[in-house]
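Chains as they are written, first to last, in this note's numbering: chain A, 10 to 419; chain B, 10 to 419.
Glycine is no exception: its CB is placed at the ideal position from the N, C-alpha and C atoms.
Please read all numbers here as calculations on a predicted model, not as lab measurements.
So the structure is just underneath, and the comments pick up after that.
Protein chains: 2
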Amino acid sequence: MVDARGAAAGCLAGVRVLDLTQFEAGPSCTEALAWLGAEVVKVENPKGGDPGRGSFGAAPGRDSWYFLQLNANKKSVTLNLKSPRGIELVKELARKADVFVENFAPGAIERLGLGYDVIREINPGIIYAQVKGFGAGSPFEDNLAFDMIAQACGGIMSVSGERDGPPVKPGATLGDTGTGMLLAISILGALYRRKGTDQGERLEIAMQDAMLQYIRVCFATQAMIGKPAGRAGAKLFSGGNPPCGIYPCKPGGPNDYVYIYTSRANPAHWQRLAQLIGREELAHDPRYATGAARVEHEAEIDEMISVWTRQHDKHEAMRLVGAAGIPAGAVLDTGELLADPTFETRGIMQTMQHPGCGPFKMPAWPVRHNGAPPALKPAPLLGEHNDDVLSSWLGLGADAVKGLRKDGVI
Amino acid sequence: MVDARGAAAGCLAGVRVLDLTQFEAGPSCTEALAWLGAEVVKVENPKGGDPGRGSFGAAPGRDSWYFLQLNANKKSVTLNLKSPRGIELVKELARKADVFVENFAPGAIERLGLGYDVIREINPGIIYAQVKGFGAGSPFEDNLAFDMIAQACGGIMSVSGERDGPPVKPGATLGDTGTGMLLAISILGALYRRKGTDQGERLEIAMQDAMLQYIRVCFATQAMIGKPAGRAGAKLFSGGNPPCGIYPCKPGGPNDYVYIYTSRANPAHWQRLAQLIGREELAHDPRYATGAARVEHEAEIDEMISVWTRQHDKHEAMRLVGAAGIPAGAVLDTGELLADPTFETRGIMQTMQHPGCGPFKMPAWPVRHNGAPPALKPAPLLGEHNDDVLSSWLGLGADAVKGLRKDGVI
Chain A
10 MVDARGAAAG
20 CLAGVRVLDL
30 TQFEAGPSCT
40 EALAWLGAEV
50 VKVENPKGGD
60 PGRGSFGAAP
70 GRDSWYFLQL
80 NANKKSVTLN
90 LKSPRGIELV
100 KELARKADVF
110 VENFAPGAIE
120 RLGLGYDVIR
130 EINPGIIYAQ
140 VKGFGAGSPF
150 EDNLAFDMIA
160 QACGGIMSVS
170 GERDGPPVKP
180 GATLGDTGTG
190 MLLAISILGA
200 LYRRKGTDQG
210 ERLEIAMQDA
220 MLQYIRVCFA
230 TQAMIGKPAG
240 RAGAKLFSGG
250 NPPCGIYPCK
260 PGGPNDYVYI
270 YTSRANPAHW
280 QRLAQLIGRE
290 ELAHDPRYAT
300 GAARVEHEAE
310 IDEMISVWTR
320 QHDKHEAMRL
330 VGAAGIPAGA
340 VLDTGELLAD
350 PTFETRGIMQ
360 TMQHPGCGPF
370 KMPAWPVRHN
380 GAPPALKPAP
390 LLGEHNDDVL
400 SSWLGLGADA
410 VKGLRKDGVI
Chain B
10 MVDARGAAAG
20 CLAGVRVLDL
30 TQFEAGPSCT
40 EALAWLGAEV
50 VKVENPKGGD
60 PGRGSFGAAP
70 GRDSWYFLQL
80 NANKKSVTLN
90 LKSPRGIELV
100 KELARKADVF
110 VENFAPGAIE
120 RLGLGYDVIR
130 EINPGIIYAQ
140 VKGFGAGSPF
150 EDNLAFDMIA
160 QACGGIMSVS
170 GERDGPPVKP
180 GATLGDTGTG
190 MLLAISILGA
200 LYRRKGTDQG
210 ERLEIAMQDA
220 MLQYIRVCFA
230 TQAMIGKPAG
240 RAGAKLFSGG
250 NPPCGIYPCK
260 PGGPNDYVYI
270 YTSRANPAHW
280 QRLAQLIGRE
290 ELAHDPRYAT
300 GAARVEHEAE
310 IDEMISVWTR
320 QHDKHEAMRL
330 VGAAGIPAGA
340 VLDTGELLAD
350 PTFETRGIMQ
360 TMQHPGCGPF
370 KMPAWPVRHN
380 GAPPALKPAP
390 LLGEHNDDVL
400 SSWLGLGADA
410 VKGLRKDGVI
């Protein structure tokens, strides 16, 4: 399977992305394009670059793991955007680019003189894509946002947490990566139309707006019950067919649980489960035989299942419940996922060989193209591709690049 | 802005998607393609169709809100896959399709005689895309999965919940829609390459694997601290720069909180906040002046801020904190989001005019293409496009279609 790696990388061969993004919402979007083979050129401040390089516990002089993860397979060019020549070079690169992406604070790109109206004049065929916290026309359109602000304002937190507890922010960075994925879809749609026509397009996404895409089902719940969707711990707020939820396993650590789900669509799930836990008599007992009846006895049923799950560790419980034909999943943590050898053999986890930051095992793009996910290439060092890109995109020679360096432009 | 609606719809004009998906992971993927203008034809069982139609509290004889949301802008054709002629028609449609997508249980599509090897023979240029719960090569590759199983096994739940509480399943359906978005990206990449070359491709995604994409930052945390990333309620597990989290607002309902975040990258956030809450003296007090010092006094600081936030409702608190230049967001629920008029004027929420299910307001595709999100068209009635598609794709006349109906094939 490993031999097929790189199949995906050909998808966007020849597509040039000028990437003025930083932190996560923007970089996650351009990284998806890089996984599929686009030439993504990060434009970074010569002094330190993307602030994500030095954040999140980065060791002095090293890039953070966070940065490495979000910038795999990209190139880096340094340009001083406070220098007129730096801005001029962005425009020259934009003339050669197919896609331009930025996620600066509201108004910043326009203040730099690199707004859509300017770039479109230079390159009418460009796809110009922007991420902001709040949409144009929102009362908060000038406000800053970060992942957690989007998760609060976009409804995600209101449907995450214990039933009677406060809202929880999921560990998944939906405000950032969740937004980036949706913008990548629209960029790719625009690229498809553009191929052969050179039709440019402006794309804008707001992190708050993007959150609604991930909780659409909660809006269906709201329509059904006539009031806001709420929280239900590990269970389904919309009810579901008990048993459904996490059940404690030995030895009782913070993630020693197995998720068991018996589907409404398949009454056999409950019958199989009753048999598995050695309580065959329950399968046809009228108190438990139907989903509606089990709703009335949910706590009691959960306890009966827990008696069984507590005798097993979560891996064994998942194997036994799954093998009995009932949907089941152990609650796995990041350490367990990293240690699982099948992720590595399948190419879902790959190891970045990064100069200075050593080998770093990380999740790769999870879609298999003709049998394997795309191959991981290291995140770039700051300015690593100055010569490469300024030469191949703009035709600048070694002396010209040396001059830019001497003048503090790159 | 509303005038521009439909700009996106042109992106994938002429792209034909043969859609054998049901419930959410598959349908969310093909819906993204439909928003961008692909002709997505759902192939459904003549008896009831996509099981999502009748689930999730659907009124008798009506489609569920859940189904409407996940199938906007698509067409529906009924085909009985238990009849040889039904299978034959799927193959004839596949011959005319650009993309084929399915998310049946493991092994089911092959048992139907519609596996990749078969379809590739018929149409070597097709993009054949599959969603499964677990990847080929995983010990669980034959297991069923649902959204919550993927969230358990893919690490999402291990990083969601209160610090000392059990894992929580976020209300966002990452296992389903989160997976569908990543597959859509790969399909679009493959479509881009195929345009002009007719190069086919097989794509596969596992819901468990897809989850890693959304918690990559937690793997960075694991690399940083050398142990699994954990849970932190509404705060950041990786620490962060206190104050950071949700603060209670009046009148004290379950979602009456405002998220306040003071960035590590900008010390002014804390100084502005101290001033806003009338405690200017704290801004330069050594006990609170730096992020590191505030980590030591987090509970105390949270209480000082809460004294202020409790005097305001969450909307007012968000306005005041945001206007002071500090990232802030009210925790909004599905009811508040539905009622916000700016979502409607901006086209982020649109109303489906569905025959039988009345007007239904729902989130639309959140990316603005040339100023507006794409326009919403209703989800199809079961078999609504039998004549249309069998005629336009296969050239069948009215009599032939009538015969298929009489024979129980459609």
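If you measure between the beta carbons of B/Arg202 and A/Cys227, is that distance less than 8 Å?
Contact: no.
Under three-state DSSP, which class holds A/Phe228?
Reduced to three states, the DSSP call for A/Phe228 is helix.
Identify every residue that forms a DSSP beta bridge with B/Thr186.
The partner list for B/Thr186 (beta bridge, DSSP) is empty, contrary to what the question assumes.
What are the boundary residues of the beta strand (DSSP E) that A/Gly367 is part of?
A/Gly367 -> beta strand (DSSP E) spans 367-372.
Taking the CB atoms as reference points, tell me whether A/Phe76 and A/Arg94 lie closer together than 8 Å.
Contact flag unset, no.
Considering only residues of the same chain and omitting the five flanking positions on each side of A/Leu291, which have a CB-CB separation below 6 Å?
Once the five neighbours on either side are set aside, the close Cβ partners of A/Leu291 are Ala283, Tyr297.
According to a CB-to-CB cut-off of less than 9 Å, which residues of the region 291-305 of chain A neighbour chain B?
Under the 9 Å Cβ criterion, the region 291-305 of chain A contributes no residue.
What are the residues in the region 226-238 of chain A lying within 7 Å of chain B by C-beta distance?
So the close ones are Val226, Cys227, Phe228, Ala229, Gln231, Ala232, Met233, Lys236, Pro237, Ala238.
Closer than 9 Å by beta-carbon distance: list the chain C residues that pair up with A/Val108, in chain order.
Among the protein chains of the structure shown, namely A and B, there is no chain C.
With a threshold of 8 Å between beta-carbons, can B/Gln359 be considered close to chain A, or not?
No, no contact with chain A.
Going by CA-CA distance only, name the one from B/Leu285, B/Ala332, B/Asp294, B/Gly334 that's closest to B/Thr318.
Checking every option, the nearest Cα to that of B/Thr318 belongs to B/Leu285.
Which residues, in order along the region 76-87 of chain A, keep a beta-carbon less than 9 Å from a beta-carbon of chain B?
Listed in sequence order: Phe76, Leu77, Gln78, Leu79.
Relative to chain A, which residues along the region 324-347 of chain B have a C-beta separation below 9 Å, given in chain order?
Cβ contacts with chain A: Met327, Arg328, Gly331, Ala332, Gly334, Ile335, Pro336, Ala337, Gly338, Ala339, Val340, Leu341, Asp342, Thr343, Gly344, Glu345, Leu346, Leu347.
So, does the CB of A/Asp266 fall closer than 8 Å to a CB anywhere in chain B?
The sequence shown places Tyr at residue 266 of chain A, rather than the Asp named in the question. Interface residue, yes.
For B/Cys258, which three-state DSSP category applies?
Coil at B/Cys258, not helix or strand.
Can you tell me whether B/His363 is helix, strand or coil according to DSSP?
Strand.
What residues from chain A crowd round B/Gln222, counting only those whose CB sits closer than 7 Å?
Here the neighbours are Thr186, Pro372, Pro375.
Taking 8 Å as the threshold (C-beta atoms), are B/Gly356 and B/Pro382 in contact?
Yes. Within cutoff.
Looking at the unbroken alpha helix (DSSP H) that takes in B/Val127, where does it start and where does it end?
Unbroken alpha helix (DSSP H) run through B/Val127: 125-131.
Quick one: measure Cβ to Cβ for B/Asn82 and B/Ala43, integer angstroms, because I've assumed they're closer than 8 Å.
B/Asn82 to B/Ala43, Cβ: 4 Å. Contact.
Given that A/Asp379 touches chain B, what residues does it touch there, using C-beta distances under 7 Å?
Correcting the residue identity first, residue 379 of chain A is Asn in this sequence and not Asp. Residues of chain B passing the Cβ test: Glu210, Arg211.
Thinking just about the alpha-carbon of each residue, which of A/Phe32, A/Asp72, A/Ala18, A/Pro257 is nearest to the one in B/Gly174?
Ranking the options by Cα distance to B/Gly174, first place goes to A/Pro257.
Is B/Met313 close to chain A, meaning its C-beta is less than 8 Å from at least one C-beta of that chain?
No, no contact with chain A.
From what residue to what residue does the alpha helix (DSSP H) around B/Arg104 run?
It spans 93-105 - the alpha helix (DSSP H) in which B/Arg104 sits, taken as one unbroken run.
Please list the partners that A/Lys7 has in chain B, where partner means a Cβ-to-Cβ separation under 9 Å.
In the structure as shown, chain A begins at 10 and stops at 419. Residue 7 of chain A is therefore absent and cannot be evaluated.
Please look up how many angstroms separate the CB atoms of B/Leu403 and B/Glu101, rounded, as I've assumed it's under 8 Å.
Confirmed, Cβ separation roughly 6 Å.
Using three-state DSSP, classify B/Arg203 as helix, strand or coil.
B/Arg203 falls in the helix class under three-state DSSP.
What residue range does the alpha helix (DSSP H) around A/Gly344 cover?
Note, A/Gly344: alpha helix (DSSP H), 343-348.
Mind pulling the chain A residues with CB within less than 7 Å of B/Asp218?
Near B/Asp218 (Cβ distances below 7 Å), the residues of chain A are Ile357, Pro375.
With 8 Å set as the bound, which would you pick, yes or no: does the beta-carbon of B/Lys91 sit closer than that to a beta-carbon of chain A?
False, the Cβ-Cβ gap to chain A never drops below 8 Å.
Could you tell me the distance, in whole angstroms, from the CA atom of B/Lys204 to the CA atom of A/Lys204?
Taking the straight line from one Cα to the other gives about 8 Å.
Can you grab the Cα-Cα spacing for the pair A/Pro276 / B/Phe155, in whole Å?
Those two C-alpha atoms are separated by around 16 Å.
I'd like to know whether the C-beta atoms of A/Val340 and A/Tyr270 end up nearer to each other than 8 Å.
It is not a contact, given that the beta carbons lie outside the stated cut-off.
Can you give the Cα-Cα distance for A/Asp28 and A/Ala103, rounded to whole angstroms?
Each residue's alpha carbon lies about 10 Å from the other.
Would you mind listing the alpha helix (DSSP H) stretches within the region 301-327 of chain A that are 4+ residues and don't spill past its ends, in chain order?
Runs found: 307-318.
With distances taken from CA atoms, which of A/Ile194, A/Tyr223, A/Ala384 is nearest A/Thr354?
Nearest C-alpha to A/Thr354: A/Ala384.
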